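Okay, so here's the structure we're looking at.
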Amino acid sequence: MARMTGKERMLTALSGGVPDRVPVAPDFSCMIPCRLTGKPFWDVLLYQNPSIWKAYIDACDKFGTEAWVIYGDLHPQGVSPVTWSSHIEKENGRVKLYGRCHTEAGELTRTETFFPADASTWTEKIIKDLKDDMPKLRCLYSAIQSYSLEQIRELEAEVGDRGIWGVSIATPGLQYWMNYFEGSLEAATFAMLDEPELFGELCRLLEKQQEQLVEICCQEKVESILTGGSGSITLQSPSIWRELCLPAIQKQTKMCRQAGVLSGIHSCGKEKYIVETCARETDLDYINPLEIPPMGDCHLAECRRLAGGKLALMGNLHTTQVMLMGDTDTVRLASLRAIRDAGQDGSFVLSTGDQCGRDTPDENIIEMVRVAEEFGHYPLNMDRICSEIERLERKLENVEPKP
2 MARMTGKERM LTALSGGVPD RVPVAPDFSC MIPCRLTGKP FWDVLLYQNP
52 SIWKAYIDAC DKFGTEAWVI YGDLHPQGVS PVTWSSHIEK ENGRVKLYGR
102 CHTEAGELTR TETFFPADAS TWTEKIIKDL KDDMPKLRCL YSAIQSYSLE
152 QIRELEAEVG DRGIWGVSIA TPGLQYWMNY FEGSLEAATF AMLDEPELFG
202 ELCRLLEKQQ EQLVEICCQE KVESILTGGS GSITLQSPSI WRELCLPAIQ
252 KQTKMCRQAG VLSGIHSCGK EKYIVETCAR ETDLDYINPL EIPPMGDCHL
302 AECRRLAGGK LALMGNLHTT QVMLMGDTDT VRLASLRAIR DAGQDGSFVL
352 STGDQCGRDT PDENIIEMVR VAEEFGHYPL NMDRICSEIE RLERKLENVE
402 PKP
């Protein structure tokens with residue numbers, strides 16, 4: 002088989018095909034790229050110097066991985082006029098961005114706190130009281146009337162043949178609303194139970210707006226969309242996920258399938274239920290990060306069986322025990338097991354659980370690529386892979402029990 006580009010390799014694997022070799026795209030979408038710039042993280046995440054997606058592409062080049070770029074932004078503007086103003090303050094070694102959302106119905110406020118060597122976090126969230134804030138939220142989640150292609154065209158050109166790029170799409174659910182309600186998951190849950198009509202309206206507004214965004218992505222030939230949401234089953238029950246998230250995912254993935262746009266789900270934590278459900282009930286193309294216990298509940302061989310050939314899998318090396326704390330032999334063994342369990346017939350990208358830690362050794366990421374180059378070319382030599390697994394298990398048996 003002729004050698005593919007990173008883009009061809011990722012598109013083939015994630016759309017259910019057999020590429021020239023197993024693609025490698027570990028999840029280091031934030032902290033490692035920021036670290037590699039040598040700058041305070043707020044330079045990247047706040048001041049865009051460089052932008053996070055440029056820093057990520059530089060990291061892919063450094064490690065030799067395929068690119069999985071999820072930072073596409075169409076900068077949609079709603080029918081109801083909404084403007085933002087902000088100011089920045091520095092205190093106690095942190096940088097705080099105070100944002101103010103101006104709507105026809107009043108103002109909403111939020112604060113994002115940035116750290117010198119960690120990811121940012123929302124320390125003040127935008128919804129303080131659902132009943133009081135609902136008129137403003139109707140403005141914030143109004144129908145899209147305009148958008149810009151400038152950023153995604155720049156991103157598309159920069160990614161080139163390195164891998165795939167796309168736009169992230171939201172689905173209504175507690176995994177989304179916990180980032181918007183002051184009081185986080187608890188406040189969002191109480192709002193769902195105490196104000197079901199308003200909460201239901203809010204979910205419908207978001208779903209409709211995001212459905213329109215998918216329609217725009219399909220129209221503008223965006224390469225891929227990433228939907229779902231981190232912690233979808235960890236932060237809410239499967240029944241709540243089915244009620245709030247699944248209908249949106251079904252609509253979004255059907256639209257993508259009809260337009261030839263690749264669709265994926267990212268949901269860290271428990272995900273086995275999503276694998277089985279989406280394989281049966283949606284038009285989803287691929288799913289990640291398929292985290293192993295105790296972070297999640299996924300084993301690749303089982304997920305492969307549950308997917309039934311209808312979903313490509315992307316995962317799932319443990320980000321702490323293997324990637325952060327393990328040595329290259331540990332990474333090598335875990336990578337080989339993952340390829341053995343999920344990569345035999347293609348439809349697989351060797352990756353990690355959610356977000357490799359900032360201090361993950363560079364050599365551990367490079368080892369994943371080395372394994373794919375040595376053992377990941379199709380058709381796979383399973384005898385050779387299993388032999389190397391057995392050798393490493395014997396070598397590491399004093400520090401790592403067999404699975």
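Going left to right, the sequence shown walks through residues 2 to 404 as the working numbering numbers them. Backbone N, C-alpha and C define an ideal beta-carbon position, used for all residues, glycine too. Treat the numbers as computed from the prediction; the structure is a model and nothing was measured.
Checklist entry - Within this structure, are the beta carbons of residue 357 and residue 33 separated by less than 8 Å? => result Residue mapping note: residue 357 aligns to position 356 of the sequence shown, counting from 1. Residue mapping note: residue 33 aligns to position 32 of the sequence shown, counting from 1. Yes, they are a contact pair.
Checklist entry - Around the C-beta of residue 382, are 16 or more other C-beta atoms found within 10 angstroms, so that it is buried, or is it exposed? => result Taking the first residue of the sequence shown as 1, we reach residue 382 at position 381. By the neighbour-count rule (16 or more Cβ atoms within 10 Å), residue 382 is not buried but exposed.
Item to check | Endpoints, the alpha helix (DSSP H) within which residue 177 is located | outcome: Working through the sequence shown from its first residue, we reach residue 177 at position 176. Annotation: the continuous alpha helix (DSSP H) that includes residue 177 extends over 175-178.
Next on the checklist: Rounded to whole angstroms, what is the Cα-Cα separation between residue 11 and residue 97?
Outcome noted: Position 10 of the sequence shown holds residue 11. Position 96 of the sequence shown holds residue 97. So the two alpha carbons sit approximately 37 Å from each other.
Next on the checklist: I need the boundaries of the alpha helix (DSSP H) containing residue 200, first residue and last residue.
Outcome noted: Position 199 of the sequence shown, counting from 1, holds the residue named residue 200. Unbroken alpha helix (DSSP H) run through residue 200: 197-220.
Item to check | DSSP three-state assignment for residue 282, whether helix, strand or coil | outcome: Here residue 282 refers to the residue found at position 281 when the sequence shown is read from its first residue. Of the three classes helix, strand and coil, the one that applies to residue 282 here is helix, per DSSP.
Next on the checklist: Using a Cβ distance threshold of 8 Å, determine whether the region 265-275 contacts the region 222-234, with at least three qualifying pairs required.
Outcome noted: Yes, the region 265-275 touches the region 222-234.
Item to check | Bounding residues of the beta strand (DSSP E) (the contiguous stretch that carries residue 266) | outcome: Position 265 of the sequence shown holds residue 266. For residue 266, the uninterrupted beta strand (DSSP E) run begins and ends at 263-267, by DSSP.
Item to check | Classification of residue 50 by the beta-carbon crowding that lies within 10 angstroms, buried from 16 upward | outcome: Position 49 of the sequence shown, counted from the first residue, corresponds to residue 50. Around the C-beta of residue 50, fewer than 16 other C-beta atoms lie within 10 Å, and the residue is accordingly described as exposed.
Checklist entry - Taking DSSP as the reference, what is the three-state secondary structure of residue 229? => result As a working note, residue 229 is residue 228 in the sequence shown. Judged by DSSP in its simplified three-state form, residue 229 adopts strand.
Checklist entry - Within 8 Å (strictly less), CB to CB, does residue 110 reach chain B? => result Looking for chain B here will not work: only one protein chain is present.
Next on the checklist: For a test of the three-state rule: what should DSSP assign to residue 95, helix, strand or coil?
Outcome noted: One-based indexing of the sequence shown puts residue 95 at position 94. Residue state for residue 95 is assigned as strand, using DSSP reduced to three classes.
Item to check | Simplified DSSP state of residue 168, which is helix, strand or coil | outcome: Counting from one through the sequence shown, the residue named residue 168 turns up at place 167. It is a strand residue.
Next on the checklist: Tell me the DSSP secondary structure of residue 146 in three-state form.
Outcome noted: Within the sequence shown, numbered from 1, the residue matching residue 146 stands at position 145. Reduced to three states, the DSSP call for residue 146 is strand.
Next on the checklist: How far does the beta strand (DSSP E) with residue 111 in it extend, from its first residue to its last?
Outcome noted: Numbered from its first residue, the sequence shown carries residue 111 at position 110. Start and end: 107-115.
Item to check | Sub-8 Å separation of residue 78 and residue 147 beta-carbons | outcome: Residue 78 sits at position 77 when you count from the first residue of the sequence shown. Residue 147 sits at position 146 when you count from the first residue of the sequence shown. Result yes, Cβ atoms of residue 78 and residue 147 sit closer than 8 Å.
Checklist entry - Are residue 412 and residue 360 close, meaning C-beta to C-beta below 8 Å? => result The displayed coordinates of the chain run from 2 to 404. Any statement about residue 412 would go beyond what the structure contains.
Next on the checklist: Just to confirm my understanding: we take residue 143, look at its own chain, exclude 5 residues before and 5 after, and list those with CB closer than 7 Å. What are they?
Outcome noted: Here residue 143 refers to the residue found at position 142 of the sequence shown. These residues qualify, in order along the chain: 79, 80, 81.
Next on the checklist: Check whether the region 24-31 and the region 365-374 are in contact - that is, three or more C-beta pairs closer than 8 Å.
Outcome noted: Touching, per the Cβ criterion.
Next on the checklist: Quick check on this structure: which residue in 307, 178, 43 has the alpha carbon closest to the alpha carbon of residue 117?
Outcome noted: Against the sequence shown, residue 117 aligns to sequence position 116. Selected option, being the one with the closest Cα: 43.
Checklist entry - Should residue 302 be labelled buried (16 or more other beta-carbon atoms within 10 Å of its own) or exposed? => result Stepping through the sequence shown from its first residue, residue 302 is reached at position 301. Exposed, by the Cβ-count rule.
Checklist entry - Tell me which same chain residues have a C-beta within less than 6 Å of the C-beta of residue 202, skipping the five on either side of it? => result The sequence position of residue 202 within the sequence shown is 201, counting from 1. If we look at residue 202 and ignore the five residues flanking it on each side, it has no Cβ neighbours.
Checklist entry - Is residue 405 helix, strand or coil when you go by DSSP? => result Any answer about residue 405 is impossible in this case: the structure gives the chain only from 2 up to 404.
Item to check | Distance between residue 370 and residue 378 (C-alpha atoms, nearest Å) | outcome: Along the sequence shown, read from residue 1 onward, the residue named residue 378 stands at position 377. Along the sequence shown, read from residue 1 onward, the residue named residue 370 stands at position 369. Rounded to the nearest whole angstrom, the CA to CA distance from residue 378 to residue 370 is 12 Å.
Checklist entry - What is the DSSP secondary structure of residue 402, reduced to helix, strand or coil? => result For this step, residue 402 is matched to residue 401 along the sequence shown. Residue placement at residue 402 is poorly supported in this model, since its pLDDT is 48, which falls under 50; the coordinates are not used for a value here.
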